[in-house]
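Asker: One structure, pasted below without further comment.
Residue numbers (the numbering used here): 75 to 466.
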């Protein structure tokens with residue numbers, strides 16, 4: 075099969091990029107003809123290693139900067155085709171030039187499978203791709219996370235897809251309620267678990283991983299830990315990631331007098347070693363799609379303390395078995411859950427062992443056959459198996 079994956083910026087960082095790169099590599103390894111198409115290119119080399127059997131191309135080269143698009147960006151809502159709604163998280167990328175390049179590309183395709191990977195690209199595919207190409211939309215966030223203008227466009231145009239792939243059962247129910255005639259398949263992202271060292275649950279370290287942005291809720295993790303820190307003086311929190319909220323988070327750490335106890339660690343290429351050294355993983359997000367960093371932590375046998383945010387954690391965890399869920403944005407309860415695990419090594423070990431077992435459901439050997447099953451059915455004009463759609 076010929077499979078094309080379309081990303082906004084395949085040369086950048088981020089969970090969606092890593093997931094699609096891994097998926098493309100797995101499909102190429104299975105013998106398929108695979109290409110990753112990057113709408114824009116702002117770096118010379120990709121940040122993630124791409125299987126050499128996967129072709130990589132870019133439609134708009136912006137390595138010399140985006141100044142040429144600056145005027146279009148300022149008037150983007152008036153000067154462009156208006157397919158990408160204003161509320162899309164990456165709307166600023168879609169100047170008239172960039173959107174036109176995407177529309178031209180998808181409209182010229184005449185064969186194979188086109189997989190688009192965010193609402194902006196999905197909407198362009200739904201409205202401009204030829205009926206001769208099989209169209210699959212990937213959604214990496216839950217429906218409620220999107221701006222109302224984006225949800226309105228999804229409801230209006232996603233019915234054109236041959237299938238919509240979501241990450242969780244919660245998201246499948248949301249999209250099915252909105253688009254009852256379009257196949258909605260649930261296929262989680264895959265996480266490689268080979269050679270993962272398990273935590274021994276002895277080091278007094280709480281670890282968190284993610285972009286330093288409001289979505290990840292580190293501004294709530296800081297006071298949650300600060301509330302219980304005095305009772306557990308040997309424990310520290312390490313937050314790995316970079317992003318625009320770094321200064322504000324550091325100020326919040328300092329306000330709580332936690333400068334020596336909570337550290338913003340920046341980016342590391344040795345995150346698996348850091349996870350193995352920790353004893354608890356904290357997820358403080360306001361909203362998630364499928365929390366890949368959390369699942370990776372579970373692969374290291376780390377017990378999880380997480381907000382029961384929409385969506386993701388509750389679709390993965392069984393409370394009391396492999397982690398602890400607390401009400402969304404309840405800082406006090408988050409601190410109490412951290413304290414409970416910090417004070418009980420036996421509980422950490424028990425939950426962590428179960429977490430490692432749960433994580434195996436997200437390994438490539440489990441997930442990738444689901445994609446191949448979907449693509450094979452679509453390419454052969456056969457019904458999508460009920461095991462993917464959740465139909466009775």
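Yeah, the Cβ is synthetic: ideal placement off N, Cα and C, and Gly gets one too.
Values in this document were obtained by computation on a predicted structure and should not be read as measured data.
#1: With the cut-off set at 8 Å, would you say residue 120 and residue 85 are in Cβ contact?
#2: Closest to residue 245 by C-alpha separation, out of 163, 350, 364, 354, would be which residue?
#3: Our contact map puts residue 177 next to residue 209 with C-beta atoms below 8 Å; I'd like the distance itself, whole angstroms only.
#4: With 16 as the cutoff for other CB atoms within 10 Å, does residue 439 come out buried or exposed?
#5: Quick test of your reading: residue 95 and residue 108, contact by CB under 8 Å. State the CB separation rounded to the nearest angstrom.
#6: For residue 198, I'd like the list of residues in its chain whose CB is within less than 8 Å of its CB, leaving aside the five on either flank, ordered along the chain.
#7: Roughly how many whole angstroms lie between the Cα atoms of residue 154 and residue 171?
#8: What is the DSSP secondary structure of residue 409, reduced to helix, strand or coil?
#9: In whole angstroms, what is the alpha-carbon distance linking residue 464 and residue 262?
#10: For residue 204, I'd like the list of residues in its chain whose CB is within less than 7 Å of its CB, leaving aside the five on either flank, ordered along the chain.
#11: What would DSSP say about residue 238, mapped onto helix, strand or coil?
#12: Who does residue 188 pair with in a DSSP beta bridge?
#13: Between which two residues does the alpha helix (DSSP H) harbouring residue 170 extend?
#14: Hey, residue 296 and residue 361 are a contact pair by Cβ (cut 8 Å); roughly how many whole angstroms apart?
#15: Suppose contacts are defined by Cβ-Cβ distances below 8 Å. Is residue 430 in contact with residue 358 by that definition?
#16: Measure the alpha-carbon distance for residue 316 versus residue 241 and round it to whole angstroms.
#17: Here's the rule I'm using: 16 or more other beta-carbon atoms within 10 Å means buried, otherwise exposed. How should residue 236 be labelled?
#18: If you check the beta carbons only, do residue 98 and residue 135 fall under 8 Å apart?
#19: Just curious, the alpha helix (DSSP H) that residue 390 is in, first and last residue?
#20: Opposite residue 129 in the DSSP bridges: which residues?
#21: Which of the three DSSP states is assigned to residue 339 in this structure?
#22: Tell me whether residue 249 sits in a helix, a strand or coil according to DSSP, three-state version.
#23: Candidates 375, 112, 122: which alpha carbon is nearest residue 195's?
#24: Check this for me: beta carbons of residue 409 and residue 301, under 8 Å apart or not?
#25: Would you list the residues sitting across from residue 160 in a DSSP beta bridge?
#26: Taking C-alpha atoms, which residue in 82, 104, 287, 93 lies nearest to residue 446?
#27: With 16 other CB atoms within 10 Å as the buried threshold, where does residue 138 fall?
#28: Return yes when the Cβ of residue 349 is within less than 8 Å of the Cβ of residue 338, no when it is not.
#29: Quick one: give me the first and last residue of the alpha helix (DSSP H) that residue 379 is part of.
#30: Could you check whether residue 397 and residue 377 sit closer than 8 Å to each other, using their CB atoms as the reference points?
#31: In the DSSP assignment, the beta strand (DSSP E) including residue 279 goes from what residue to what residue?
#32: So, at 8 Å on beta carbons, what are the nonlocal neighbours of residue 161 in its own chain, with the 5 sequence-adjacent residues on each side left out?
#33: In angstroms with no decimal places, state the Cα-to-Cα distance between residue 217 and residue 249.
#34: Judging by CA-CA distance, which residue of 291, 285, 366 is the nearest neighbour of residue 214?
#35: Taking only the alpha-carbon atoms, compute the straight-line gap between residue 400 and residue 384 and give it to the nearest angstrom.
#36: On the DSSP letters alone, give me the boundaries of the beta strand (DSSP E) that residue 258 sits inside.
Answerer: To lay it out plainly:
#1: Your numbering for residue 120 matches position 46 in the chain shown. Your numbering for residue 85 matches position 11 in the chain shown. Cβ atoms of residue 120 and residue 85: closer than 8 Å.
#2: Here residue 245 corresponds to residue number 171 of the chain shown, with the count starting at 1. Of 163, 350, 364, 354, the residue nearest in Cα terms is 364.
#3: Here residue 177 refers to the residue found at position 103 when the chain shown is read from its first residue. Here residue 209 refers to the residue found at position 135 when the chain shown is read from its first residue. With a Cβ gap of about 14 Å, residue 177 and residue 209 do not count as contacting.
#4: In the chain shown, counting from the first residue as 1, residue 439 sits at position 365. Per the 10 Å Cβ criterion, exposed.
#5: Counting from 1 along the chain shown, the entry for residue 95 is found at position 21. Counting from 1 along the chain shown, the entry for residue 108 is found at position 34. Not really, about 11 Å apart at Cβ, beyond 8 Å.
#6: Within the chain shown, the letter at position 124 stands for residue 198. Here the set comprises 157, 158, 173, 176, 177, 180, 190.
#7: Start at 1 with the first residue of the chain shown, and residue 154 comes out as number 80. Start at 1 with the first residue of the chain shown, and residue 171 comes out as number 97. Low confidence applies to residue 154: its pLDDT is 48, below 50, so where it sits in the model is not reliable enough to give any reading.
#8: Position 335 of the chain shown holds residue 409. Three-state DSSP puts residue 409 in a helix.
#9: Residue mapping note: residue 464 aligns to position 390 of the chain shown, counting from 1. Residue mapping note: residue 262 aligns to position 188 of the chain shown, counting from 1. Cα-Cα distance, rounded: 14 Å.
#10: Position 130 of the chain shown holds residue 204. Around residue 204: 181, 183, 184.
#11: Here residue 238 corresponds to residue number 164 of the chain shown, with the count starting at 1. Three-state result, residue 238: strand.
#12: Looking up residue 188 in the chain shown gives position 114. Paired residue(s): 78, 209.
#13: Taking the first residue of the chain shown as position 1, residue 170 is located at position 96. Per DSSP, residue 170 belongs to the alpha helix (DSSP H) from 170–182.
#14: As a position in the chain shown, residue 296 is number 222, starting the count at 1. As a position in the chain shown, residue 361 is number 287, starting the count at 1. Actually they do not touch by this definition, with Cβ atoms about 18 Å apart.
#15: Indexing the chain shown from 1 puts residue 430 at position 356. Indexing the chain shown from 1 puts residue 358 at position 284. No, these two residues do not count as a Cβ contact at 8 Å.
#16: Here residue 316 refers to the residue found at position 242 when the chain shown is read from its first residue. Here residue 241 refers to the residue found at position 167 when the chain shown is read from its first residue. Cα to Cα, the separation comes out at about 25 Å.
#17: Locating residue 236 in the chain shown gives position 162, counting from the first residue. Per the 10 Å Cβ criterion, buried.
#18: The residue labelled residue 98 in the question sits at position 24 within the chain shown. The residue labelled residue 135 in the question sits at position 61 within the chain shown. No, the Cβ-Cβ distance between residue 98 and residue 135 is not below 8 Å.
#19: Numbered from its first residue, the chain shown carries residue 390 at position 316. 387–390 is the extent of the alpha helix (DSSP H) around residue 390.
#20: Residue numbering aside, residue 129 sits at position 55 when the chain shown is read from its first letter. Beta-bridge pairing links residue 129 to 109.
#21: In the chain shown, counting from the first residue as 1, residue 339 sits at position 265. In this structure, residue 339 counts as strand in the three-state DSSP scheme.
#22: Within the chain shown, the letter at position 175 stands for residue 249. DSSP places residue 249 in helix when its eight states are reduced to three.
#23: Stepping through the chain shown from its first residue, residue 195 is reached at position 121. When each option's Cα is compared against that of residue 195, the closest is 112.
#24: Walking along the chain shown from the start, residue 409 turns up at place 335. Walking along the chain shown from the start, residue 301 turns up at place 227. Yes, these two residues count as a Cβ contact at 8 Å.
#25: Position 86 of the chain shown holds residue 160. Answer is none; residue 160 lacks a bridge partner.
#26: Within the chain shown, the letter at position 372 stands for residue 446. Of the candidates 82, 104, 287, 93, the one whose C-alpha sits nearest the C-alpha of residue 446 is 104.
#27: As a first step, residue 138 must be located in the chain shown, where it is residue number 64. Exposed: under 16 other Cβ atoms inside 10 Å.
#28: Here residue 338 refers to the residue found at position 264 of the chain shown. Here residue 349 refers to the residue found at position 275 of the chain shown. Not closer than 8 Å, so no.
#29: Numbered from 1 along the chain shown, position 305 holds the residue referred to as residue 379. Careful: residue 379 lies outside any alpha helix (DSSP H), inside the beta strand (DSSP E) at 378–381.
#30: If you number the chain shown from 1, residue 377 lands on position 303. If you number the chain shown from 1, residue 397 lands on position 323. Contact flag set, yes.
#31: For this step, residue 279 is matched to residue 205 along the chain shown. First-last of the beta strand (DSSP E) with residue 279: 279–283.
#32: Here residue 161 corresponds to residue number 87 of the chain shown, with the count starting at 1. Cβ within range, chain order: 220, 221, 222, 223, 224.
#33: Residue 217 sits at position 143 when you count from the first residue of the chain shown. Residue 249 sits at position 175 when you count from the first residue of the chain shown. Going from the Cα of residue 217 to the Cα of residue 249 covers about 7 Å.
#34: By 1-based counting over the chain shown, the position of residue 214 is 140. Residue 366 is the option with its Cα nearest to residue 214.
#35: Within the chain shown, the letter at position 326 stands for residue 400. Within the chain shown, the letter at position 310 stands for residue 384. Taking the straight line from one Cα to the other gives about 12 Å.
#36: Start at 1 with the first residue of the chain shown, and residue 258 comes out as number 184. That run of the beta strand (DSSP E) goes 258–260.
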